[in-house]
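Read the sequence shown against this note's numbering and you will find it ends at 260, with the numbers running on by one and no gaps. We put the beta carbon where it would ideally sit given N, CA and C, even for glycine. Keep in mind it's a predicted model, so treat the numbers as computed, not measured.
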Amino acid sequence: EFMREMSGLSNMEKQLKAILGISQVLILPQDSDDIPAVKTKIGKEAARLLEMKFPLHKKIAVTGGSTMAAISKEISSDKRDRSLQFIAARGGLGEDVLHQANTIASLFAEKTGGAVKTLYLPDHLSAEAYEMMMREPVIKEMMDLYDETDVVVHGIGNAEEIALHRKSSPEEVEMIRKGGAVSEAFGYYFDNEGNVVYRIRTAGIQMEQVQKAKAILAVAGGRSKAKAILSYFNIAPRQTVLVTDEGAARKIIELT
Ligand code: BG6
Numbered sequence: 005e006f007m008r009e010m011s012g013l014s015n016m017e018k019q020l021k022a023i024l025g026i027s028q029v030l031i032l033p034q035d036s037d038d039i040p041a042v043k044t045k046i047g048k049e050a051a052r053l054l055e056m057k058f059p060l061h062k063k064i065a066v067t068g069g070s071t072m073a074a075i076s077k078e079i080s081s082d083k084r085d086r087s088l089q090f091i092a093a094r095g096g097l098g099e100d101v102l103h104q105a106n107t108i109a110s111l112f113a114e115k116t117g118g119a120v121k122t123l124y125l126p127d128h129l130s131a132e133a134y135e136m137m138m139r140e141p142v143i144k145e146m147m148d149l150y151d152e153t154d155v156v157v158h159g160i161g162n163a164e165e166i167a168l169h170r171k172s173s174p175e176e177v178e179m180i181r182k183g184g185a186v187s188e189a190f191g192y193y194f195d196n197e198g199n200v201v202y203r204i205r206t207a208g209i210q211m212e213q214v215q216k217a218k219a220i221l222a223v224a225g226g227r228s229k230a231k232a233i234l235s236y237f238n239i240a241p242r243q244t245v246l247v248t249d250e251g252a253a254r255k256i257i258e259l260t
């Protein structure tokens, strides 16, 4: 704690809480854009925060991404709890298997001894396929489960990075470029003001369902994520706790 005071991290946490309008922010030293080990530290911190919820909150929805994967690696297998249930927050087929919500939810379950609910559906469905899927009982069951979610743990994507490096549909790239998308979470794309400018047609948790969760953990670091974090926190539910790093924090303060 003394070290945090000295390095100014706790002061930055206070500033970020005010800027983002939330009551808890945790900042890890340095920048994960430069030092990959910082992402591991973010993962560790988020894992400890999440584990504290386990005694009271059993239904936990998780998204995909490399930051979420870092958390799953840091979850301890010491305190096994078979009453935990991990739910993939979206279909997620289309991205690297290791970074899919399904894979991450399965890892959480394996480590904690909990159960897992996965959803294997392509990330980009045609309007027709989407309508049909939504009528399938197994999919419906999953959608109902999202209504009962106690905790949501998620990453925040940088729209530009997604357009450049991920297998985005031409539609998505168009919306990112022309629609002014800055951030992405749960398959929703948001502009600088937090307006939804596009939504991937995928089966997954809805923003209204995220809002109802008792606890939400948003995990994203690196200065390259600063604009995305600012964009998403325009609409982030108030109970969201942010785990980030100094690189992102400094840039956010600089931008505001
Ligand atoms: C994607 C998720 O896989 O990862 C997104 O589908 C998320 O919802 C993004 O925003 C964040 O990724 P990363 O690798 O930067 O943690």
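The bridge partners DSSP lists for K121 are I91. G25 carries a coil assignment under DSSP once its states are collapsed to helix, strand and coil.
In the pairwise beta carbon analysis, the stretch 170 to 186 is classified as not touching the stretch 105 to 120: fewer than three pairs are separated by under 8 angstroms. Between the ligand BG6 and the CB of I233, the shortest heavy atom gap is not smaller than 6 angstroms. Taking C-alpha positions only, L20 is separated from D154 by approximately 25 angstroms. Put simply, of E78, I233, K83, A65 the residue whose alpha carbon is nearest the alpha carbon of G95 is A65.
Using a cutoff of 6 angstroms, the CB of I204 does not count as near the ligand BG6, since none of the ligand's heavy atoms is closer than that. Within the same chain, V42, K43, I46, G225, G226, D249, G251 come within 7 angstroms of S36 by CB-CB distance, once the 5 residues on both sides are set aside.
CA-CA distance, K182 to I166, rounds to 14 angstroms. For A185, the closest alpha carbon among the candidates D100, K218, I233 is that of I233. Rounded to whole angstroms, T244 and A219 show a C-alpha spacing of 7 angstroms. At the C-beta level, D151 and Q213 come within 7 angstroms of one another.
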